[in-house]
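Asks: Below you will find the structure I want to go over with you.
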Amino acid sequence: NISRRPPPPSPRRSPSIYWFPKSKKLFLTSPSIAGQSRVIDSLSIAAMATLQLGALVLGFSVAFMLISPSHSLTCTSQTFTNHKLYTNCADLPTLSAFLHWSYNSTTSSLSIAFVAPPAKPDGWIAWGINPTATGMIGTQALIAFKQSNGSMKVDTYNISSPQSVVPSKISFAVSDMSAEDSGGLIKIFATLALPENTTSVNQVWQVGGSVTNGLPDKHAFDPANMKATGTLDLVQTTASGDETAPTASPVPGPNPTAEAPSAPHNGGDSRIGNRNAGFFMTSLFLAIFVICF
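Residue numbering for the sequence shown follows my numbering, beginning at 20 and increasing consecutively.
Right under this line is the structure:
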């Protein structure tokens, strides 16, 4: 509640300002003005509106700076500490994931870098190729996660059953396999030897939130997880920040398991902290509005 009249002057009081909305005037009380209250007419409603607008602009500026640059990240702006370069890249349509790849049609060699945030900091990410179908079962996967000692672990998994997700040989020879973790993202690097004359593959990707005894736990079954599959055209050569590279043909996901690799993300919001950005922005703007008005 705003006081309707200035308090009695006191030599020990510090300067105080009182705003009267109806009269659109300010009262200033200060011991330096002979202990008397004084009405300041120069600060009109227009001046107050200017102050409110300034506060709003400041709030928007702060909010913009607080949003991680990763929210606007696309595959074309990503670089790797190992300085690897790839001919193509795509922002996959789900799970804030990205795929970079180069394909040598002469040797049928596919080099990839798969980038995605795990569902939780202690989770895992996976990418793979399904040579026989479009879903999870049958996927020849690469799964990576951070071990309890802080080092990264990446291995091959033949997803033959939702109940059996253990390291195993896959149908493609894999070389130069490694993984790294930075900025809330896990990155898988590998080169796969594909059958001769391969021009496209069924890709599958996934993310999970936990690892138990060195094995990935089940992933969520949200729409984004279930649509984490598509066709990767190996002969197209366009690097894009959208989804030009892999054609994402959504396929209903199989039974619950946290094993198989999952889906790409379209648009380029590649880091984990942005999932609460909308809630944070709404709360911040609401707080600014309440304070100003």
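Using N, Cα and C, we set each Cβ at its ideal position, and we do this for glycine too.
Quick caveat: nothing in here was measured; it's all calculated off a predicted structure.
Would you kindly work out how many angstroms separate the C-alpha atoms of L253 and Y122, rounded to a whole number?
Replies: What you label residue 253 is simply residue 234 of the sequence shown in a count that begins at 1. What you label residue 122 is simply residue 103 of the sequence shown in a count that begins at 1. Spanning the two alpha carbons is a distance of roughly 6 Å.
Asks: Can you tell me whether DSSP reads F79 as helix, strand or coil?
Replies: For the purposes of this step, residue 79 is identified with residue 60 of the sequence shown, where counting begins at 1. Low per-residue confidence applies at F79: pLDDT is 47, beneath 50, and the placement is therefore not dependable, though the value from the model is reported in the following sentence. Helix.
Asks: If we count the other Cβ atoms within 10 Å of its Cβ and call it buried at 16 or more, is S201 buried or exposed?
Replies: By one-based count along the sequence shown, residue 201 stands at place 182. Label assigned to S201: exposed.
Asks: Can you name, in chain order, every residue of its own chain whose Cβ lies under 6 Å from the Cβ of A138, other than the five neighbours on each side?
Replies: Here residue 138 corresponds to residue number 119 of the sequence shown, with the count starting at 1. Only V226, G227, G228 meet the Cβ criterion.
Asks: Can you tell which of F164, S167, Q159 has the C-alpha that lies nearest to the C-alpha of S190?
Replies: As a working note, residue 190 is residue 171 in the sequence shown. That would be Q159, whose Cα lies nearest to the Cα of S190.
Asks: Please name the residue in T98, H102, L129 whose C-alpha comes closest to that of A192.
Replies: On the sequence shown, residue 192 is found 173 positions in, with the first residue counted as 1. Nearest of T98, H102, L129 to A192, Cα basis: L129.
Asks: Determine, using beta carbons only, whether M196 and A209 come nearer to each other than 8 Å.
Replies: For the purposes of this step, residue 196 is taken as residue 177 along the sequence shown, with counting starting at 1. For the purposes of this step, residue 209 is taken as residue 190 along the sequence shown, with counting starting at 1. Their beta carbons are under 8 Å apart, which means M196 touches A209 by this criterion.
Asks: Output needed for T217: all residues of its chain with C-beta closer than 7 Å, excluding positions within five of it in sequence on either side, in chain order.
Replies: What you label residue 217 is simply residue 198 of the sequence shown in a count that begins at 1. Cβ neighbours of T217 beyond the five flanking positions: S127, L253.
Asks: Between which two residues does the beta strand (DSSP E) containing M171 stretch?
Replies: Locating residue 171 in the sequence shown gives position 152, where the first residue counts as 1. According to the DSSP assignment, M171 belongs to the beta strand (DSSP E) that extends over 171-177.
Asks: Would you mind working out which of G147, D174, Q166, P181 sits nearest A247, comparing C-alpha positions?
Replies: Position 228 of the sequence shown, counted from the first residue, corresponds to residue 247. Ranking the options by Cα distance to A247, first place goes to G147.
Asks: What residues in its chain sit with their C-beta under 6 Å from that of N168, if we drop five residues either side in the sequence?
Replies: As a first step, residue 168 is located in the sequence shown; it is residue number 149 there, counting from the start. If we look at N168 and ignore the five residues flanking it on each side, it has no Cβ neighbours.
Asks: Where do the ends of the beta strand (DSSP E) carrying N221 lie?
Replies: On the sequence shown, position 202 is the one that residue 221 refers to. Segment 219-227, the beta strand (DSSP E) holding N221.
Asks: For Y105 versus A132, is the C-beta spacing smaller than 8 Å?
Replies: Here residue 105 is taken as the residue at index 86 of the sequence shown, counted from 1. Here residue 132 is taken as the residue at index 113 of the sequence shown, counted from 1. Going by C-beta atoms, Y105 is nearer than 8 Å to A132.
Asks: What is the rounded straight-line gap between the Cα of M155 and the Cα of K206?
Replies: Here residue 155 refers to the residue found at position 136 of the sequence shown. Here residue 206 refers to the residue found at position 187 of the sequence shown. When rounded, the distance between both Cα atoms is 20 Å.
Asks: Please identify the residue among S179, V185, V184, A198 whose C-alpha is closest to the C-alpha of V173.
Replies: Counted from its first residue, the sequence shown places residue 173 at position 154. Residue A198 is the option with its Cα nearest to V173.
Asks: Should G233 go down as buried or exposed, given a rule of 16 or more other Cβ atoms within 10 Å for buried?
Replies: Numbered from 1 along the sequence shown, position 214 holds the residue referred to as residue 233. With fewer than 16 other Cβ atoms within 10 Å, it is exposed.
Asks: Can you tell me whether K165 is helix, strand or coil according to DSSP?
Replies: Within the sequence shown, residue 165 is the residue found at index 146, counting from 1. If DSSP states are grouped into helix, strand and coil, K165 belongs with the strands.
Asks: Given that a residue counts as buried once 16 or more other Cβ atoms are within 10 Å of its Cβ, and exposed if not, what is N285?
Replies: One-based indexing of the sequence shown puts residue 285 at position 266. Its pLDDT being 36, under 50, N285 is placed unreliably by the model, and nothing is read from it.
Asks: In whole angstroms, what is the alpha-carbon distance linking E186 and S96?
Replies: Here residue 186 refers to the residue found at position 167 when the sequence shown is read from its first residue. Here residue 96 refers to the residue found at position 77 when the sequence shown is read from its first residue. Strictly speaking, residue 186 in this sequence is Pro, with Glu absent from that position. Near 33 Å, if we compare the C-alpha coordinates of S96 and P186.
Asks: So, is N101 buried or exposed, given that buried needs 16 or more other C-beta atoms within 10 angstroms?
Replies: Against the sequence shown, residue 101 aligns to sequence position 82. So N101 counts as exposed.
Asks: Quick check on this structure: which residue in G157, N107, L204 has the alpha carbon closest to the alpha carbon of Q255?
Replies: Counting from 1 along the sequence shown, the entry for residue 255 is found at position 236. Taking only the C-alpha atoms, the option nearest Q255 is N107.
Asks: Would A109 pass as a contact of A135 if the rule is Cβ separation under 8 Å?
Replies: Locating residue 109 in the sequence shown gives position 90, counting from the first residue. Locating residue 135 in the sequence shown gives position 116, counting from the first residue. Going by C-beta atoms, A109 is not nearer than 8 Å to A135.
Asks: Since A243 is in the alpha helix (DSSP H), which residue starts that stretch and which ends it?
Replies: Start at 1 with the first residue of the sequence shown, and residue 243 comes out as number 224. Run containing A243: 242-245, per the alpha helix (DSSP H) assignment.
Asks: In whole angstroms, what is the alpha-carbon distance linking N244 and T113?
Replies: Locating residue 244 in the sequence shown gives position 225, where the first residue counts as 1. Locating residue 113 in the sequence shown gives position 94, where the first residue counts as 1. C-alpha of N244 to C-alpha of T113: approximately 7 Å in a straight line.
Asks: According to DSSP, what are the bridge partners of D252?
Replies: For this step, residue 252 is matched to residue 233 along the sequence shown. Paired residue(s): S219.
Asks: Could you check what DSSP says for S96 in three-state terms: helix, strand or coil?
Replies: The sequence position of residue 96 within the sequence shown is 77, counting from 1. Three-state DSSP puts S96 in a helix.
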